[in-house]
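J.: Residue numbers (the working numbering): 513 to 931.
I'd like to ask some things about the structure below.
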C-alpha cells in the first residue's frame, strides 16, 4: 500500500541532495513523495521525479552575500553559526507554512536538522510519525569527535568526544530553534520542549559504516544506513568538450568547493592554476558558488558548471573539495584519493575522517591555501597508499544500498510510532 511521504531538505545543495536521493527511492518504490526545499533546488528535485513544495528563499543569494562569504571563508565557527542563524530565522515562516501544507496530506515526515522544531510542532498537533534523517553524525558517542569540534585535545579522549558532541548538539538545536521555534509555537502553543520531544525519534544516518563504523554506544534507534546517492536523470549527457578534455591526456584532478562562496575567488583560482601547473597536473575546475575560473584560463585547466559527481569523479585522478558531507561521500564512492580544503562547519570533521580512513593527506584549511601548500597537497595525495586505500573503500561502498536501507527503516517506523 502506498505511503505518502513528506521530506524537508533546506540549505545548500549538499544539504538538499541527500533528500532528493531518498525521495527518488520512495518514488521508485511507489510512494508519492513531496520535498519541501528552497526555490533554487526545486528544478533539480523535479528532474528526479519528486513533487516539490517551494520555500521562496534563495540560499545561494544569502551565502554569496559578502558578509556571509567572509564569515564562512574565514573558518570562524561562531561567525558562521550566527550567519546561518540569520538565514534560518528569515526563512522560518515560509518554511513552517510549506511544512504544514505538505504534512496535511502525508503519512510520515522525514526531516533534516533545520526542520526538527517544525516537525515536532506538526507531530504534536497531528500525530504524524517523524523520522530524523541526517548525513552528519550528531548522536553522542565516545568513539569519534563531535562534528563541530573535531580538534578538541583534552584527555581522556572518550570524555573529550562526549564534550564535543554535547557542544555540537547545543549548536544544532539552537539553529533548529531559530529556524522553527516561533513557527513551532504558532502551530502548537502547548508543544513539549524541543529536546524532549525529539528524544524518541528514530535517526537514520546516510553514512557508510566503511567510512565511519557505527559506534557500539549509540542507542538502538540510531542507525548507520550507508550513503544516500541519487540516480541521475536519463536525459543527462556529459558535455562533449569535457569528455574531449578528459580523454586528451592523463587523468585530471577535480578541484571544486561546491556551495562555498568566496570573497577572493580570483586569488583562489590563481592558487589552483599555479599549483597544478607546478605539479604538472591537469585540472577540471568547478566554478561553483565561489565563481572560480572567471577570465582566461591556461590549457591545462577546464572549467565546468554543474556536472554529476557520479559521472565525473571516477574519471579523475584525485578530488580536491571543501569537505561537505555530500561531496565527501561522492569522493569515497568514486574510489579516488582526496584533498579536503575545509571552510567551516562540519567540513573539518570530514577532512579528519578522510585522513584517518587513509584516502587523504591531512586537511588543508581554506585560510591556509597558498600556491605552495596546495602544490604540496597535490603531491601528497598521489601517494600509492592513498590511491590503494581509496579504491578499496570505493569497492566496499559499492556493495551498500543506503537509500534502500533508510526507506525500509522509515516505512517500518510508521507502524511503531502509531501503535
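For every residue, glycine included, the Cβ atom is placed at its ideal position computed from N, Cα and C.
Could you tell me the alpha carbon to alpha carbon distance between residue 826 and residue 844, rounded to whole angstroms?
T.: Between residue 826 and residue 844, the C-alpha separation is close to 10 Å.
J.: Does the segment 746 to 763 come close enough to the segment 920 to 927 that 3 or more CB-CB pairs lie under 8 Å?
T.: They do not touch, by the three-pair rule.
J.: Which residue wins for smallest C-alpha separation from residue 838, given the options 820, 733 and 829?
T.: Among 820, 733 and 829, the Cα nearest to that of residue 838 is on 820.
J.: Cα-Cα, which of 607, 796 and 714 is closest to residue 634?
T.: It is 607 whose Cα lies nearest to the Cα of residue 634.
J.: Step through the CB atoms of chain D and report whether any lies within less than 9 Å of the CB of residue 819.
T.: Looking for chain D here will not work: only one protein chain is present.
J.: If contacts are defined as beta-carbon pairs under 8 Å, then residue 765 and residue 830 qualify, I think. What distance do you get, rounded to the angstrom?
T.: Rounded, the Cβ-Cβ distance is 5 Å, consistent with contact.
J.: For residue 701, does the count of other Cβ atoms within 10 angstroms reach 16, so buried, or fall short, so exposed?
T.: With a pLDDT of 49 at residue 701, under the threshold of 50, the modelled position of that residue is not reliable, and no figure is offered here.
J.: Roughly how many angstroms separate the alpha carbons of residue 824 and residue 849, rounded to a whole number?
T.: Whole-angstrom Cα-Cα distance: 14 Å.
J.: My output table needs one value for residue 673: the three-state DSSP class, helix, strand or coil.
T.: Three-state DSSP puts residue 673 in a helix.
J.: According to DSSP, is residue 831 part of a helix, a strand, or is it coil?
T.: Strand, per DSSP.
J.: For residue 734, tell me which candidate among 805, 650, 804 and 684 has the shortest Cα-Cα distance.
T.: Ranking 805, 650, 804 and 684 by Cα distance to residue 734 puts 650 first.
J.: Are the CB atoms of residue 741 and residue 802 nearer to each other than 9 Å?
T.: No. Outside cutoff.
J.: Give the range of the beta strand (DSSP E) segment to which residue 736 is assigned.
T.: From DSSP, the beta strand (DSSP E) with residue 736 extends over 734 to 736.
J.: Keeping to the same chain, check which residues put their C-beta closer than 6 Å to that of residue 662; ignore five residues upstream and five downstream.
T.: Hits under 6 Å: 860, 861 and 864.
J.: For residue 722, does the three-state DSSP call read helix, strand or coil?
T.: DSSP places residue 722 in coil when its eight states are reduced to three.
J.: What is the DSSP secondary structure of residue 799, reduced to helix, strand or coil?
T.: Residue state, collapsed to three classes: coil.
J.: If I follow the unbroken alpha helix (DSSP H) through residue 839, where does it start and stop?
T.: Here the alpha helix (DSSP H) through residue 839 covers 837 to 846.
J.: With a 10 Å radius around its C-beta and 16 neighbouring C-beta atoms as the bar for buried, classify residue 880 as buried or exposed.
T.: Looking at its Cβ environment, which holds fewer than 16 other Cβ atoms inside 10 Å, residue 880 is exposed.
J.: Rounded to whole angstroms, what's the CA-CA distance from residue 622 to residue 629? Just pull it up for me.
T.: Residue 622 and residue 629: Cα-Cα distance of roughly 12 Å.
J.: Mark residue 811 as exposed unless 16 or more other C-beta atoms lie within 10 angstroms of its C-beta, in which case mark it buried.
T.: Residue 811 should be labelled exposed.
J.: Can you name the start and end residues of the beta strand (DSSP E) that residue 644 belongs to?
T.: Per DSSP, residue 644 belongs to the beta strand (DSSP E) from 642 to 646.
J.: Check whether the segment 912 to 920 touches the segment 534 to 551, counting contact only when three or more Cβ pairs, one atom from each stretch, lie closer than 8 Å.
T.: Contact holds: three or more Cβ-Cβ distances are below 8 Å.
J.: Going by other Cβ atoms of all chains shown within 10 Å of its Cβ, with 16 needed for buried, is residue 652 buried or exposed?
T.: Per the 10 Å Cβ criterion, buried.
J.: Using C-beta distances below 6 Å, list every residue in its chain close to residue 795, excluding the 5 sequence neighbours before and after it, in chain order.
T.: Once the five neighbours on either side are set aside, the close Cβ partners of residue 795 are 764, 765, 767, 788 and 813.
J.: Where does residue 547 fall in DSSP's three states?
T.: Looking at residue 547 - three-state DSSP - the assignment turns out to be strand.
J.: Taking DSSP as the reference, what is the three-state secondary structure of residue 902?
T.: In the structure shown, residue 902 sits in a helix (DSSP, three-state: H, G or I).
J.: Can you tell me where the alpha helix (DSSP H) with residue 532 in it begins and where it stops?
T.: Per DSSP, residue 532 belongs to the alpha helix (DSSP H) from 525 to 540.
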